[in-house]
Amino acid sequence: MTIDPARLQPMANAIRALSMDAVQAANSGHPGMPMGMADAATVLFDRHMKFDAGRPDWADRDRFVLSAGHGSMLIYSLLNLSGYARPTMDEIANFRQLGSPCAGHPENFLLDGVECTTGPLGQGLAMAVGMAMAERHLNAKFGDDLVDHRTWVIAGDGCLMEGINHEAIGLAGHLKLGQMNVLWDDNAITIDGGTDMSTSEDICARYEATGWHVVKCDGHDFASIDAALEAAKADPRPSLVACTTVIGKGAPNKQGTSATHGAPLGPDEISAARDVLGWEAAPFNVPAEIEANWRSVGAKGAEDSAAWDARLAASAQKQAFEAQMAGPAAGAVAALQGYIRALAAEPKKVATRKASEMALGPLTEQLPQLIGGSADLTGSNNTKTPSTAPFTPEDYAGRYVYYGIREFGMAAAMNGMALHGGVTPYGGTFLIFSDYCRNAIRLSALQQTQVIYVMTHDSIGLGEDGPTHQPIEQVMSLRLIPNLMTFRPCDTIETAECWALAVKSTQTPSVLALTRQGLPQLRGEGDETWTGADNRCAKGGYRLQSAKAARKVVLVASGSEVALATDCAAQLEAQGIGTDIVSMPCTELFDAQDAAYKADVLPSDALIVSIEAGVTQGWERYTGLSGLNIGIDRFGASAPAGQLFEKFGLTPEAIVPQILKKLSK
Numbered sequence: 037m038t039i040d041p042a043r044l045q046p047m048a049n050a051i052r053a054l055s056m057d058a059v060q061a062a063n064s065g066h067p068g069m070p071m072g073m074a075d076a077a078t079v080l081f082d083r084h085m086k087f088d089a090g091r092p093d094w095a096d097r098d099r100f101v102l103s104a105g106h107g108s109m110l111i112y113s114l115l116n117l118s119g120y121a122r123p124t125m126d127e128i129a130n131f132r133q134l135g136s137p138c139a140g141h142p143e144n145f146l147l148d149g150v151e152c153t154t155g156p157l158g159q160g161l162a163m164a165v166g167m168a169m170a171e172r173h174l175n176a177k178f179g180d181d182l183v184d185h186r187t188w189v190i191a192g193d194g195c196l197m198e199g200i201n202h203e204a205i206g207l208a209g210h211l212k213l214g215q216m217n218v219l220w221d222d223n224a225i226t227i228d229g230g231t232d233m234s235t236s237e238d239i240c241a242r243y244e245a246t247g248w249h250v251v252k253c254d255g256h257d258f259a260s261i262d263a264a265l266e267a268a269k270a271d272p273r274p275s276l277v278a279c280t281t282v283i284g285k286g287a288p289n290k291q292g293t294s295a296t297h298g299a300p301l302g303p304d305e306i307s308a309a310r311d312v313l314g315w316e317a318a319p320f321n322v323p324a325e326i327e328a329n330w331r332s333v334g335a336k337g338a339e340d341s342a343a344w345d346a347r348l349a350a351s352a353q354k355q356a357f358e359a360q361m362a363g364p365a366a367g368a369v370a371a372l373q374g375y376i377r378a379l380a381a382e383p384k385k386v387a388t389r390k391a392s393e394m395a396l397g398p399l400t401e402q403l404p405q406l407i408g409g410s411a412d413l414t415g416s417n418n419t420k421t422p423s424t425a426p427f428t429p430e431d432y433a434g435r436y437v438y439y440g441i442r443e444f445g446m447a448a449a450m451n452g453m454a455l456h457g458g459v460t461p462y463g464g465t466f467l468i469f470s471d472y473c474r475n476a477i478r479l480s481a482l483q484q485t486q487v488i489y490v491m492t493h494d495s496i497g498l499g500e501d502g503p504t505h506q507p508i509e510q511v512m513s514l515r516l517i518p519n520l521m522t523f524r525p526c527d528t529i530e531t532a533e534c535w536a537l538a539v540k541s542t543q544t545p546s547v548l549a550l551t552r553q554g555l556p557q558l559r560g561e562g563d564e565t566w567t568g569a570d571n572r573c574a575k576g577g578y579r580l581q582s583a584k585a586a587r588k589v590v591l592v593a594s595g596s597e598v599a600l601a602t603d604c605a606a607q608l609e610a611q612g613i614g615t616d617i618v619s620m621p622c623t624e625l626f627d628a629q630d631a632a633y634k635a636d637v638l639p640s641d642a643l644i645v646s647i648e649a650g651v652t653q654g655w656e657r658y659t660g661l662s663g664l665n666i667g668i669d670r671f672g673a674s675a676p677a678g679q680l681f682e683k684f685g686l687t688p689e690a691i692v693p694q695i696l697k698k699l700s701k
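Note that the numbering used here has the sequence shown beginning at 37, numbered continuously upward.
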């Protein structure tokens with residue numbers, strides 16, 4: 037089909053008109069980016085994207101990521117014009133208003149067709165890397181008939197400047213993700229002004245150096261754009277399409293300036309832009325012929341999706357494909373049942389990072405959706421199993437990713453993999469480096485993705501690496517993130533139970549904070565017949581040991597400090613002070629329990645004492661103002677673990693006297 041500018045230009049101008057009108061109505065937003073990229077986006081959707089607007093969940097659709105999420109009116113316009121059920125024109129007219137799905141930045145949970153939440157610059161592109169990885173993995177397993185689609189990204193200068201861009205493109209280039217193509221809105225403008233104020237690097241050369249194919253085009257010439265996208269599709273490498281554009285294209289007095297970046301154009305400039313564009317329709321109205329042309333773009337994929345349905349129905353892999361896409365949640369308990377029962381019969385004293393590896397054995401063997409990895413810490417995170425061969429350009433069927441020293445890039449890629457569907461990613465690093473990838477962890481929670489973070493070396497217990505590597509505030513800070521389960525298990529059985537919960541939680545990401553040092557197995561009694569229904573960690577906190585004498589104290593602890601609590605309890609019981617021990621592997625799950633349960637576990641007539649090798653702030657919600665909080669409210673030190681626990685008062689000899697003193701008041 038030949039390029040027809042007479043057809044395409046009005047279609048692109050519809051994006052411009054909706055974008056400037058919506059931002060003006062909201063008196064808030066970013067009109068310049070969608071106006072500048074309207075031509076390129078129109079060519080992409082009209083001639084290159086494989087999608088069916090009537091079926092936004094079609095598994096083999098191309099993925100489109102607006103990494104430059106501040107230009108959200110671009111994707112809202114594209115979805116509406118091409119015939120998605122939402123956003124409606126009324127919802128676009130209420131852009132950025134309470135109740136409208138047209139939020140200030142695109143949110144994946146508000147609109148079909150928005151593949152991921154974008155706004156934090158660079159993360160959309162990095163998530164697209166994960167989507168492309170998932171596509172290649174599923175293609176390797178099920179072939180071109182069932183999985184053969186591309187990942188398209190529109191990114192701005194900010195996306196390419198952010199540090200995560202370097203991590204993401206390095207990984208994509210190394211893995212040769214040729215199904216991934218990035219359209220760079222090369223308009224040389226940021227909020228502060230021209231990009232020459234802050235950067236002088238050769239971006240195209242940087243991409244080429246990381247193994248990408250680079251092609252340039254005039255972002256306002258339909259034939260030039262089309263040729264560049266064809267070249268991108270033809271090249272086996274991931275491609276950067278550098279689209280030279282004018283920000284705010286069509287606004288005669290403000291285009292090409294930062295004035296169009298993050299503020300409404302104003303009534304006078306919009307009126308002038310309408311004249312320049314020849315756009316006579318009233319705000320939020322699209323002429324019938326232009327609307328019909330756009331609707332045909334969204335409908336043409338119906339034939340492709342129907343043909344795919346027929347191939348799936350006839351495929352010998354139909355059942356396996358559908359099981360893969362359904363996810364691993366249903367099989368989590370069955371995979372671990374025999375393993376946990378065996379632990380009850382033969383206890384193991386190991387670090388919980390090792391306990392995690394042990395649990396991953398049956399999980400990865402029986403659940404093909406699980407794809408693991410580590411940010412260059414495989415031997416320390418214990419994330420690789422015999423069932424997970426490396427994921428490489430030579431074998432995309434592999435299920436273990438060597439991410440390199442790219443914690444942030446790994447976390448964002450895992451988000452993209454989970455959002456793509458068909459795979460459930462888990463990845464490891466040290467807990468202290470959760471700070472490197474924190475914003476991606478936050479996006480995991482916001483987007484309701486099933487991503488599992490394996491974060492080892494969870495306290496001063498890691499020892500000699502010292503305060504730079506010893507987490508102090510990290511566990512508690514992760515507990516602050518809504519819709520994130522932060523697990524800190526105390527032994528082998530709790531670790532397995534936490535893994536079961538993480539694999540079953542399809543809309544909530546999880547962090548497993550795991551020890552370097554060996555821990556005794558405290559569970560076992562009653563677990564010989566474990567079925568999953570009796571997963572004690574599912575309550576978040578539970579009574580691990582009941583007082584023998586009349587109860588006066590409840591010790592609440594997590595992770596390695598649960599064993600410490602048992603030693604403290606033994607000394608207290610020897611003095612006739614009845615002491616319960618409560619293991620609290622997940623405060624988020626405990627908080628979700630009913631009041632009666634929480635009151636039973638943490639009774640008001642006992643002294644509640646928290647013990648955790650981290651900041652004490654936050655534990656007051658469980659111990660109350662009259663309770664006692666044992667922890668570390670300063671940075672650590674470099675020494676063997678045992679010496680550090682003694683130095684910081686995390687021993688029975690240091691803790692029990694504090695409890696006795698508190699009881700005597």
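Idealized CB from N, CA, C, for every residue including glycine.
Other residues of its chain near residue i: CB distance less than 8 Å, five sequence neighbours each side excluded
| i | result |
| --- | --- |
| Asp703 | No statement about residue 703 is possible, as the shown extent of the chain runs from 37 to 701 and does not include it. |
| Tyr578 | Arg572, Val618, Ser619, Val637 |
| Met37 | Arg83 |
| Pro503 | Phe671, Gly672, Ala673, Ser674 |
Collapsed DSSP secondary structure at residue i in the structure displayed
| i | result |
| --- | --- |
| Ser118 | helix |
| Ile695 | helix |
| Leu213 | coil |
| Trp248 | coil |
| Ile477 | helix |
| Met37 | coil |
| Ala702 | Since the displayed the chain opens at 37 and closes at 701, residue 702 lies outside it and no answer follows. |
| Gly463 | strand |
| Met521 | strand |
| Thr615 | strand |
| Val598 | helix |
| Arg579 | strand |
Inter-residue spacing [alpha-carbon to alpha-carbon] between residue i and residue j
| i | j | result |
| --- | --- | --- |
| Asp340 | Asp148 | 19 Å |
| His106 | Lys385 | 51 Å |
| Ala569 | Thr522 | 21 Å |
| Asp254 | Cys279 | 6 Å |
| Val692 | Leu548 | 29 Å |
| Ala349 | Gly440 | 40 Å |
| Thr187 | Leu80 | 12 Å |
| Leu207 | His297 | 30 Å |
| Tyr375 | Ala395 | 8 Å |
| Ile128 | Glu564 | 58 Å |
| Asp93 | Arg99 | 11 Å |
| Cys152 | Asn329 | 27 Å |
| Phe131 | Asp257 | 29 Å |
| Leu174 | Ala121 | 28 Å |
| Gly166 | Met109 | 24 Å |
| Lys177 | Glu203 | 27 Å |
Proximal residues to residue i (C-beta, below 6 Å), its chain only, five neighbours per side dropped
| i | result |
| --- | --- |
| Gln291 | Val282, Gly284, Lys285 |
| Trp655 | Ser646, Asn665 |
| Ala76 | Leu219, Gly255, Ile261, Cys279 |
| Cys271 | First, the amino acid is wrong: residue 271 is Asp here, not Cys. These residues qualify, in order along the chain: His249. |
| Gly397 | Thr421 |
Within 8 Å, strictly: CB atoms of residue i and residue j
| i | j | result |
| --- | --- | --- |
| Ile190 | Ala104 | yes |
| Pro323 | Ala309 | no |
| Arg524 | Pro621 | yes |
| Met163 | Leu406 | no |
Residues near residue i in its chain [Cβ-Cβ closer than 7 Å; skip 5 each side]
| i | result |
| --- | --- |
| Trp15 | In the structure displayed, the chain extends from 37 to 701; residue 15 sits before or after that span and is not available. |
| Leu680 | Ile496, Gly499, Gly672, Ala673 |
| Ala536 | Ala368, Val369, Leu372, Gly568, Asn571 |
| Ala585 | Glu609, Gly612, Ile613, Gly614 |
| Gln553 | Ala387, Gly497, Ser596, Ala677 |
### Task
Pick out the complete alpha helix (DSSP H) segments inside the stretch 642–666, 4 residues or longer, and give them in chain order.
656–659
### Ordered list of beta strand (DSSP E) runs contained in the stretch 185–242, each at least 3 residues
187–191, 216–222
#### Entry: alpha helix (DSSP H) runs wholly inside the stretch 298–346, at least 4 long, in chain order
303–313, 324–335
### Task
May I have a chain-ordered list of the alpha helix (DSSP H) segments no shorter than 4 residues that lie completely inside the stretch 46–112?
68–83
### Task
Enumerate, from N- to C-terminal direction, the unbroken beta strand (DSSP E) stretches of 3 or more residues contained entirely within the stretch 490–567.
521–523, 546–550
### Completely contained alpha helix (DSSP H) runs for the stretch 403–428, where each covers 4 or more residues
414–417
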